[in-house]
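Asks: Going by my numbering, the sequence shown opens with residue 21, and the numbers climb by one from there. C-beta: ideal position from N, C-alpha, C; glycine also. Sharing a structure below in structure tokens format, with a few things to ask.
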Amino acid sequence: MTTYATICFFSFIANVNGSNFTVAIVPLSKHFHVGNNRATWLTGFNVLMFGLGNVIWVPLMRVLGKRPVYLVALIVFVAANAWSTRATSFGSLLGGRMIAGFGASAADATVPSAVADMFFLDQRGHCMMFFHFALSSGIFLGPLINAYVVQLHSWRTSCGWIGIAGGVIFVLALLFIREPQYNLERRQWPEDQIPAKRTYTGWLSLTVGLNRDKPVRRFLITFWDILCMAFYPPVFWVGCLVGMFVGWTIVLQVTAAQIFLRPPYLWQLHSVGIFSISAWIGVILSFYIGGKLIDFVANRARQYDHTIKPKPEKRLLALIVPFLLSPVGLIIYGQCMAHHTLWVGQAFGYAMHSFGFTAVSNIAVTFAVDCYQVYAGEALVIVFVIRNIIALVCSFYTNQWISRDGLQAVTGTMAGLEWTLLLVAVPMYLFSRQILSFTDSYGPMKRMHREM
């Protein structure tokens, strides 16, 4: 558990890092004399690298193991935040934020793969929910923490404290992250030759997960597998679904940071940060629906069919609850914000959408891991790359979209698109066997069945 807790702590700080400038757009615009749209590049390109970085980290994970990857990524993360605190130009700061996003990305797609390594199938949804709870907490509590830091100190200090936190996690990782990846061939040992149980320090070795069998070839094969899995329908759908929820969350954060600072609200920056607590309440309320419930449904289905094989499609039944709540939350938020009502309405809408964001993310990602457990890391690279590309587009074009169509129309469109993508779960549920059988006929799944 210390291994997983440390990884989740890394994921929390990685997502705080991704959202640290969402509340500092105006101060950054004034400091570097750039427009608000250009200032959002600091968040957008950080988020993009947060997704693309996994294209490197996951193949490295297959060669070196997970522990070395986490340690190297944390060093990159700390160094990039130190660079950001000293940046003297917009270009330099942008470069620092992009490299920080690259380092942070190791706490993303690799984590569900680690969960599949460490926990049994009947616990997977619940255990994965801790990762998504850490992820969502970073997204929603990050603006709260950074709002106070930016208001009381400066945007440089927000990068500084995140770098220090990354350094603390590096020390914890040195002491507590064991290698969950195990590459030794299974074999029957004679009783007098059974290897001794690995010691605590033995598990902390950097070579436990090392794949010595043609490492360069293994890296390239993994890279190719990642590209192939972009053409697996369940993987692509999960990426689009999770990406849409992340993208709409960015829209809500950006609009809150701008509208609440202007008349008639005239809030201070820390008050905008406090507003994000409403979203975090939604995250907490989603913990059972997105975790224990999907395990209960999937486990009952396996017991009914008397099988030990995963039933990934059964997890999709839990999407009914966020289907009813999350898009409605968007509409409530947009209507209340457009009519400048009391902040309570916006807070309720934000909480409803955040409930769906966390629940849907865990349900969908666990579904993808169940579908392709052996290649969970590769599948989730595609999921998170798609997710972060959508987030990048949203961070770039939110202001233009709202200026052109108005916030009411924008949130209504967002809700409609959410309902549409959630409804795709129906054919995914009804035809799951046929879809998985189809994806077994090409790419890494075909190779896996051929080698069995």
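Ends of the alpha helix (DSSP H) at Pro-254?
Replies: Position 234 of the sequence shown holds residue 254. In the DSSP annotation of this structure, the continuous segment of the alpha helix (DSSP H) that includes Pro-254 starts and ends at 253-279.
Asks: Using CA coordinates, which residue listed in Leu-427, Val-96, Gly-38 and Met-149 is at the minimum distance from Ile-351?
Replies: Counting from one through the sequence shown, the residue named residue 351 turns up at place 331. The residue from Leu-427, Val-96, Gly-38 and Met-149 with its alpha-carbon nearest to that of Ile-351 is Leu-427.
Asks: With 16 as the cutoff for other CB atoms within 10 Å, does Asn-35 come out buried or exposed?
Replies: Taking the first residue of the sequence shown as position 1, residue 35 is located at position 15. The residue is buried, with at least 16 neighbouring Cβ atoms inside 10 Å.
Asks: Under 7 Å, do Ala-129 and Asn-74 count as touching if we go by C-beta distance?
Replies: Position 109 of the sequence shown holds residue 129. Position 54 of the sequence shown holds residue 74. Closer than 7 Å, so yes.
Asks: In the DSSP assignment, find the alpha helix (DSSP H) that holds Gly-121 and state where it starts and stops.
Replies: By one-based count along the sequence shown, residue 121 stands at place 101. It spans 110-124 - the alpha helix (DSSP H) in which Gly-121 sits, taken as one unbroken run.
Asks: Hey, out of Cys-28, Pro-47 and Thr-431, whose CA is closest to Met-264's CA?
Replies: Residue numbering aside, residue 264 sits at position 244 when the sequence shown is read from its first letter. Ranking the options by Cα distance to Met-264, first place goes to Thr-431.
Asks: Answer with buried or exposed for Glu-398, where buried requires no fewer than 16 other C-beta atoms within 10 angstroms of its C-beta.
Replies: Counting from one through the sequence shown, the residue named residue 398 turns up at place 378. By the 10 Å Cβ count, Glu-398 comes out buried.
Asks: Please list the terminal residues of the continuous alpha helix (DSSP H) segment that includes Met-21.
Replies: By one-based count along the sequence shown, residue 21 stands at place 1. From DSSP, Met-21 is part of no alpha helix (DSSP H); its letter is neither H nor E.
Asks: Whose C-alpha, out of Arg-407, Ser-374, Tyr-370 and Phe-368, is nearest the C-alpha of Val-385?
Replies: As a first step, residue 385 must be located in the sequence shown, where it is residue number 365. Residue Arg-407 is the option with its Cα nearest to Val-385.
Asks: The alpha helix (DSSP H) spanning Phe-70 covers which residue range?
Replies: Along the sequence shown, one-based indexing puts residue 70 at 50. Element bounds for Phe-70: 61-72.
Asks: Considering Ala-167, what are the terminal residues of the alpha helix (DSSP H) in which it resides?
Replies: As a working mapping, residue 167 is identified with position 147 in the sequence shown. Segment 144-172, the alpha helix (DSSP H) holding Ala-167.
Asks: Which word fits Phe-160, buried or exposed, when buried means at least 16 other C-beta atoms lie within 10 angstroms of its C-beta?
Replies: Indexing the sequence shown from 1 puts residue 160 at position 140. Flag for Phe-160 reads buried.
Asks: Nearest CA to the CA of Gly-186: which residue from Ala-429, Val-78 and Thr-26?
Replies: Position 166 of the sequence shown holds residue 186. Per the Cα distances, Thr-26.
Asks: How big is the Cα-Cα spacing for Leu-339 and Leu-313?
Replies: In the sequence shown, counting from the first residue as 1, residue 339 sits at position 319. In the sequence shown, counting from the first residue as 1, residue 313 sits at position 293. If I take the Cα positions, the gap works out to 11 Å.
Asks: DSSP state of Ala-107, grouped into three classes?
Replies: Residue mapping note: residue 107 aligns to position 87 of the sequence shown, counting from 1. If DSSP states are grouped into helix, strand and coil, Ala-107 belongs with coil.
Asks: For a test of the three-state rule: what should DSSP assign to Gly-229, helix, strand or coil?
Replies: The sequence position of residue 229 within the sequence shown is 209, counting from 1. The answer is coil: DSSP assigns Gly-229 none of H, G, I, E or B.
Asks: Classify Phe-517 as buried or exposed, calling it buried when 16 or more other Cβ atoms lie within 10 Å of its own Cβ.
Replies: Look at the range of the chain in this structure, 21 to 472, and you will see that residue 517 is not part of it.
Asks: Are Val-98 and Gly-183 touching if we call contact CB-CB under 7 Å?
Replies: Here residue 98 refers to the residue found at position 78 when the sequence shown is read from its first residue. Here residue 183 refers to the residue found at position 163 when the sequence shown is read from its first residue. Closer than 7 Å, so yes.
Asks: Quick one: Cα of Trp-181 to Cα of Phe-110, how far?
Replies: Position 161 of the sequence shown holds residue 181. Position 90 of the sequence shown holds residue 110. C-alpha separation (whole angstroms): 20 Å.
Asks: Work out the CA separation of Val-255 and Val-444 for me, nearest whole Å.
Replies: As a working note, residue 444 is residue 424 in the sequence shown. As a working note, residue 255 is residue 235 in the sequence shown. Roughly 13 Å separates the two Cα atoms.
Asks: Nearest-angstrom Cα distance between Thr-108 and Leu-48?
Replies: Reading the sequence shown from its first residue, position 88 is the one you call residue 108. Reading the sequence shown from its first residue, position 28 is the one you call residue 48. Approximately 12 Å between the Cα atoms of the pair.
Asks: For Leu-289, count the other beta carbons within 10 Å of its own beta carbon; 16 or more makes it buried, fewer makes it exposed. Which is it?
Replies: Reading the sequence shown from its first residue, position 269 is the one you call residue 289. Residue burial is scored here from C-beta neighbours: Leu-289 has at least 16 other C-beta atoms within 10 angstroms and is therefore classed as buried.
Asks: What is the DSSP secondary structure of Gly-426, counted as helix, strand or coil?
Replies: Translated into the one-based positions of the sequence shown, residue 426 becomes position 406. Gly-426 falls in the coil class under three-state DSSP.
Asks: Would you mind sorting Thr-56 into buried or exposed? The rule is 16 or more other CB atoms within 10 Å of its CB.
Replies: Residue mapping note: residue 56 aligns to position 36 of the sequence shown, counting from 1. Sequence check: residue 56 is Asn here, not Thr. Residue environment analysis places Asn-56 among the exposed positions, since fewer than 16 neighbouring C-beta atoms fall within 10 angstroms of its C-beta.
Asks: With 16 other CB atoms within 10 Å as the buried threshold, where does Thr-327 fall?
Replies: Taking the sequence shown and counting its residues from 1, one reaches residue 327 at position 307. Counting of Cβ neighbours within 10 angstroms places Thr-327 among the exposed residues, the total staying below 16.
Asks: Between which residues of its own chain and Ala-358 is the CB-CB distance below 6 Å, once the five residues before and five after are set aside?
Replies: Reading the sequence shown from its first residue, position 338 is the one you call residue 358. Result list for Ala-358: Leu-427 and Gln-428, in chain order.
Asks: If we count the other Cβ atoms within 10 Å of its Cβ and call it buried at 16 or more, is His-360 buried or exposed?
Replies: The sequence position of residue 360 within the sequence shown is 340, counting from 1. It is exposed - the Cβ of His-360 has fewer than 16 other Cβ atoms within 10 Å.
Asks: Do Phe-404 and Ile-189 have their beta-carbon atoms positioned less than 7 Å apart in this structure?
Replies: Locating residue 189 in the sequence shown gives position 169, where the first residue counts as 1. Locating residue 404 in the sequence shown gives position 384, where the first residue counts as 1. No, these two residues do not count as a Cβ contact at 7 Å.
Asks: What residue from Phe-316, Gly-354 and Gln-355 has the CA that sits closest to Leu-337's CA?
Replies: Position 317 of the sequence shown holds residue 337. Measuring from the Cα of Leu-337, the nearest candidate turns out to be Phe-316.
Asks: Have a look at Thr-60 and Ile-45 and give me their C-alpha separation to the nearest angstrom.
Replies: Walking along the sequence shown from the start, residue 60 turns up at place 40. Walking along the sequence shown from the start, residue 45 turns up at place 25. Distance between the alpha carbons of Thr-60 and Ile-45: 7 Å.
Asks: If we ignore side chains and look at the alpha-carbon of each, how far apart do Phe-70 and Ser-125 end up?
Replies: Taking the sequence shown and counting its residues from 1, one reaches residue 70 at position 50. Taking the sequence shown and counting its residues from 1, one reaches residue 125 at position 105. Approximately 4 Å, taken between the alpha carbons.
Asks: Tell me which same chain residues have a C-beta within less than 7 Å of the C-beta of Val-43, skipping the five on either side of it?
Replies: By 1-based counting over the sequence shown, the position of residue 43 is 23. Correct list, in chain order: Pro-163, Asn-166, Ala-167, Val-170, Ala-277, Leu-289, Val-292 and Gly-293.
Asks: In whole angstroms, what separates the C-alpha of Glu-471 from that of Ile-241?
Replies: If you number the sequence shown from 1, residue 471 lands on position 451. If you number the sequence shown from 1, residue 241 lands on position 221. The straight-line gap from Cα to Cα measures roughly 15 Å.
Asks: Quick one: is Val-236 buried, meaning 16 or more other Cβ sit within 10 Å of its Cβ, or exposed?
Replies: For the purposes of this step, residue 236 is identified with residue 216 of the sequence shown, where counting begins at 1. Result: exposed.
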